[in-house]
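Counted the way our numbering counts, the sequence shown spans residues 26 to 133.
Positions of the beta carbon are idealized from the N, C-alpha and C atoms, including for glycine.
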Amino acid sequence: MENVWTYKNVEISEGLKPGSKTFRYFFKVLESGQRKCNYCVWIVDDALTRFDPSKNFNAIVASRKDTWHQWVKAKIDDCDFRNRVLKFEKAGQQELNLSEMSDHVTPD
Numbered sequence: 026m027e028n029v030w031t032y033k034n035v036e037i038s039e040g041l042k043p044g045s046k047t048f049r050y051f052f053k054v055l056e057s058g059q060r061k062c063n064y065c066v067w068i069v070d071d072a073l074t075r076f077d078p079s080k081n082f083n084a085i086v087a088s089r090k091d092t093w094h095q096w097v098k099a100k101i102d103d104c105d106f107r108n109r110v111l112k113f114e115k116a117g118q119q120e121l122n123l124s125e126m127s128d129h130v131t132p133d
């Protein structure tokens, strides 16, 4: 994970999945050093150009990080500590239960 910040009583580590060829950005939420949940942003390959024409992962993160932080904060405000993924596809976006996804991956 690249960046660590706090919101209310939790610590959030965030960053791109190391070595991933597909866009996987994780927010690992910890309370008192214990993992509470993961929030993730996934962008499928055919939707990457919606965010950056060159498909540059770092440019995508830089342009969307504030919006994703607001999503994470809203989840924490709602005490929604389920593992969630905000998945962007060519046709749009949807929020899914990360634990029930067949293509489930971990942030490590």
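Ordered along the chain, which non-local residues of its own chain (more than five positions away) have a Cβ less than 8 Å from that of residue i?
| i | result |
| --- | --- |
| Lys-61 | Val-35, Val-54, Leu-55, Phe-106 |
Under 9 Å between the Cβ atoms of residue i and residue j?
| i | j | result |
| --- | --- | --- |
| Arg-109 | Lys-100 | yes |
| Ala-72 | Lys-33 | no |
| Tyr-64 | Trp-30 | no |
Give me, in chain order, the residues of the same chain whose beta-carbon lies closer than 6 Å to that of residue i; leave out the 5 immediate sequence neighbours on both sides.
| i | result |
| --- | --- |
| Arg-49 | Lys-42, Trp-67 |
| Phe-76 | Ile-85 |
| Gln-119 | Lys-112 |
| Glu-27 | Gly-40 |
| Val-170 | Outside the shown range of the chain, which is 26 to 133, sits residue 170, and nothing can be said about it. |
Spell out the partners DSSP gives residue i in its beta bridges.
| i | result |
| --- | --- |
| Glu-114 | Gly-117 |
| Arg-109 | Tyr-64, Asn-122 |
| Asn-28 | Glu-39 |
Who are the near neighbours of residue i in its chain, counting only those whose CB is closer than 7 Å to its CB and skipping five residues on each side?
| i | result |
| --- | --- |
| Phe-82 | Leu-41, Phe-48 |
| Leu-102 | The displayed chain sequence assigns Asp, not Leu, to residue 102. Counting only Cβ-Cβ distances below 7 Å, and skipping sequence neighbours, we find nothing. |
| Asp-91 | none |
| Leu-123 | Asn-63, Cys-65, Asn-108, Arg-109, Val-110, His-129 |
Check your understanding: At what residue ranges does the region 36-102 contain a whole run of the alpha helix (DSSP H), taking only runs of 4 or more?
Key -> The region 36-102 contains these whole alpha helix (DSSP H) runs: 82-102.
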